[in-house]
Amino acid sequence: MLGFCLGCSHKIDPQVYFQHAQQDLRRGELVRAQGEAEQGYQRFRTTQWAGRFRNLEAEALLLRGLYAQGLSLLEADPRLPDAKDSLIEILILKGAAHARLHHFADAEENIHWAEEVCFTSPELACGGVLRVRGILALQQGQPDKARHFFEQTLDFARSHGDQFLEATALLNLGLGALQEQHYDEAIDRTDSAYRIAAALDAGTVATKALGNLGWAYYNLGDTEKSLELSLNAEERATQVGDVIDQLSWVTNAGYVYEQLHDYPRAKLSYLKALSLARKTEGQEDIYNALRALALVSVQSGELDQARTYSDEAIAIARHDHNRLDELYPLLVKGIIAAKVHDVPVAEHIFHEVERDLNGNASLKWRAKHGLARLYENENRADWADSEYRAALTTVEETRLSLKRNDSKLPFSRSAAFIYDDYIHFLVARGKTEKALRWADNNRARTLSEGLGLLSNEARKGARLGASALQPPEISRRAKGTILFYWLGEKQSYLWAITPSKISLFPLPPGAEIDSLVQRYRKSLSGTEDVIASSEDGRALYRILVEPAKALLARDTKVFIIPDGSLNNLNFETLVVDQPKLHYWIEDADVVNASSLRVLAASFIHENPRQSAGERKRSPRLLLIGDSIAPSKEYPELPRAGEQMANVARHFPASQRQVYQRDQANPSAYLAGNPETFSHIHFVAHGTASRLSPLDSAIVLSKSAVDTEPFKLYARDIVQHRLHAELVTISACYGAGSRSYSGEGLVGLAWAFLRAGAHNVIASLWEVTDASTEQLMDRFYDELDSGASPDAALRAAKLSLLHGSAFHNPFYWAPFQLYTGS
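This note's numbering applies: residue 325 is where the sequence shown begins, and numbers increase by one.
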């Protein structure tokens, strides 16, 4: 880093000094850049460089969110420079400051002046005029107009080779897409901005991009990823004195805390944001903090405070003639009215919000939900039912507009509270089967869409999917009992489905079940025998299974359709205390399914006159593994070769394709026609990405081409259609580590099911070589004898439980069977 000493006698080159301060500003060192610019101005105030240093100091102030101070600095000297690029720069900075302060007439005057200068003699700085014109449009609540100017800015930047301007244009396009709730586009644009900014070491843009990505993922329901990005961005902004970004990301962290029902922490975040916003005098930031405080105050039962915050936010929006911004706090006032049973006022406000053409999808479904709750509390059941369905239709239409699986997967969480309320509403009115059908309507939608299992009407959420099979018929065809779970905020449910009936059992709130599952999963992660030591295993059996015990014959097949934390639980490990302590695997053949819809698809197209043998193709194996260690992080598996040999011996040489050592690379799978194999088996390391589950991967050998990845990613797996009867992932964490609302556990197993595999075996936690080799050998022996995959896996597990040193669930329980379509 260069150092400067203003008191030193040697001559300082003003250009070098200016470039150093400018680099600090772009890196995001805003306080340092501001100080250097101020010193530069003092040092060179009698030269032509004085104006440039003054402009740079003002830009640093604006980037820190100190708009009034930056504007005062710019207006302190009324003289204007002769150089056109410097004049344009001043007008851009003034226009941006006035826009942020919502002095729209003054902003327009400065921007128009800059446009006239650019018209007579285009300068490189003219790209910034287009950008500030877009900023003004955003502040005025005109996203379409803003997009137009930001796209022009992007074209200008690319045609002039200005990468920094390109990054800021992409950042602003992403922000506009966020405001229009086009989250796919927002993530794409913002991620591109971040990559360019990171390459340029432009910390200012990079930090803003991280925060905006956090906001995008919040809106998609991915609270974990959103919180990590937001806190990261807030910390970076605080370190460099960027007040405006600090308040933006502390606000977003508050949103996450609020969604997690941590209202005290959420309110503290919002109060901090409001304090920062009042210091900057940024009206949009003050409005955002007030709007957030209004809603969290309602949820905390502080209705008087909520009214005060809402009224102040509405006043700001009306002053700016921004109807969209007015609708959010207006919706809060509707919720307040409903809570105090002022039905006419609440009804009027909810209708006003949902019918307003300036609104968006989120406002519409929240207003519809507000009406549903209002009518439910007033015992107007038919009206409530209609509004619930209208709200869910709006949700699913919005979800349908998303193109990326990364965006679709977390989106269901955004409206989980509406589904939860509607399920409770239906159950309370004795509509057991309808509640089940709507619960299933929320399950595995991304998986079902990929498999072509949703009609256009069902995809839009306009009505329940017209399943070709009723739940009891699905149970009959599947030759087993189905246990369908719903974990709700106040009440959870279990539907037990047999060929003859549907039975409903109430369960404790989801949080209570979550706590038990988390503790029991932790106890299963060690080699200590939990059958006698863990009360949680017995408690979970009593809560989750025992209510339906009378419907479960011994050794029956049981399909588990889990919800929430239950996706991370192997039900086989639950402890039954009668007639003596034993694991539930000894009583039942347990299979995991993602939804009734997906399970039904397994049987709809079967010809009942065909025998199982006639339907079964000649087995053909694709076996990949025993790879060469691509890095120290992924050492070679000591017994991978033996496991490969044991699996291969179950298939004739002519009916197997084996890739191992240096040949076991991602291309071997992707280019190896995987759709032609009935069985696919991997023996390798696996990774589970919690923040981005489609980045979960099977770790293989490096290709001869160094630029090709050595990981077979879940996102690539879903792009290659399969017809496999069985995919076995003999790797750690193959099932994934991230569960999404409605979608279940997403990782490698989900990816293979999404690609079309009928059954997938994958692990919930880290596995050991020796026990896995023994289990897989017995598993394929059972398949050879004619057992189905679920029966074969159960027999293999029981052989470890009863006849080996690997009797602890840690060794046999990580592997689960997931059934697809």
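For glycine and all other residues, C-beta sits at the position ideal for the given N, C-alpha and C.
Between V355 and E381, what straight-line distance do the alpha-carbon atoms span, to the nearest angstrom? 9 Å
Which residues does DSSP list as the beta-bridge partners of L909? Note on residue identity: the sequence assigns Ile, not Leu, to residue 909. Note: I909 sits in no beta bridge, so no partner.
Please confirm if the region 741-757 is in contact with the region 806-816, defined as three or more CB-CB distances below 8 Å between the two stretches. yes
Put K727 into one of helix, strand or coil per three-state DSSP. Note: K727 maps to coil in three-state DSSP.
Where the beta strand (DSSP E) through P830 begins and ends: I826 to L831
What is the DSSP secondary structure of Y391, counted as helix, strand or coil? helix
Enumerate in chain order the residues of its own chain whose CB-to-CB distance from Y541 is below 6 Å, with the five nearest sequence positions on each side excluded. Excluding sequence neighbours, Y541 sits near K549 and S550.
Between the Cα of P833 and the Cα atoms of S824, L868 and R980, which residue gives the shortest distance? Proximity to P833 across S824, L868 and R980 peaks at L868, based on C-alpha coordinates.
Whole-angstrom C-beta distance between F1034 and V1051, which should lie under 8 Å: V1051 to F1034, Cβ: 20 Å. No contact.
With distance defined between alpha-carbon atoms, name the residue in P795, Y587, A461 and L946 nearest to I885. P795
Taking all protein chains shown into account, do 16 or more other C-beta atoms lie within 10 angstroms of the C-beta of F674, making it buried, or fewer, making it exposed? buried
The beta strand (DSSP E) enclosing R980, as first and last residue numbers: Run containing R980: R980 to R985, per the beta strand (DSSP E) assignment.
Quick check on E509: buried or exposed, where buried means 16 or more other Cβ atoms within 10 Å of its Cβ? The residue in question, E509, is buried, as its Cβ has 16 or more Cβ neighbours within 10 Å.
Check whether the region 527-536 and the region 510-518 are in contact - that is, three or more C-beta pairs closer than 8 Å. yes
E1090, buried or exposed, once every other Cβ within 10 Å from all chains shown has been counted against 16: exposed
For G1010, count neighbouring Cβ atoms within 10 angstroms of its own Cβ and tell me buried if that reaches 16, exposed if not. It is buried - the Cβ of G1010 has at least 16 other Cβ atoms within 10 Å.
Does K803 come out as helix, strand or coil in the three-state DSSP assignment? Note: K803 maps to coil in three-state DSSP.
Going by the beta-carbon positions, is the gap between A392 and L417 smaller than 9 Å? Going by C-beta atoms, A392 is not nearer than 9 Å to L417.
Give every residue of the same chain whose Cβ lies closer than 8 Å to the Cβ of P962, excluding the five residues on either side of it in the sequence, and list them in chain order. D1093
Would you mind reading off the limits of the beta strand (DSSP E) that contains L864? Careful: L864 lies outside any beta strand (DSSP E), inside the alpha helix (DSSP H) at E859 to L868.
Could you spell out the range, first to last residue, of the beta strand (DSSP E) harbouring I1004? H1003 to V1007
Rounded C-beta distance between L619 and L600? I'm assuming under 8 Å. Incorrect: roughly 19 Å between the Cβ atoms, too far for contact.
Contacting residues, own chain, Cβ-Cβ under 7 Å from A577 (five flanking each side not counted): Listed in chain order, the non-local C-beta contacts of A577 below 7 Å within the same chain comprise L551, S554, L555, E558 and S593, local neighbours out to five positions each way being set aside.
DSSP three-state call for A1137: helix, strand or coil? Here A1137 sits in coil by DSSP.
Let's test the definition: count the other Cβ atoms within 10 Å of the Cβ of S445 and tell me whether it reaches 16, buried, or not, exposed. Only exposed fits S445, as fewer than 16 other CB atoms lie within 10 angstroms of its CB.
Straight-line Cα distance separating A423 from Q466: 13 Å
Could you have a look at N765 and say whether DSSP puts it in helix, strand or coil? helix
Mapping DSSP to helix, strand and coil, what is N970? helix
Which term fits F473, buried or exposed, when burial requires 16 or more other beta carbons within 10 angstroms of its beta carbon? Label assigned to F473: buried.
In terms of residues, what are the limits of the beta strand (DSSP E) holding N894? Neither: N894 is in no beta strand (DSSP E) and is coded neither H nor E.
Should the region 1000-1007 be called in touch with the region 1037-1045, which here means at least 3 C-beta pairs below 8 Å? Output reads no: the region 1037-1045 does not touch the region 1000-1007.
Going by beta-carbon coordinates alone, are D1114 and H974 separated by less than 9 Å? no
Around the Cβ of D525, are there at least 16 other Cβ atoms within 10 angstroms (buried) or fewer (exposed)? exposed
Taking C-alpha atoms, which residue in A345, A357, G352 and R367 lies nearest to I336? Check the Cα spacing between I336 and each of A345, A357, G352 and R367: the tightest is with R367.
Closest Cα partner of S919 within the set W762, G498 and V667: For S919, the nearest C-alpha among the options comes from W762.
Beta-ladder partner(s) of F808, from DSSP: W819 and I885
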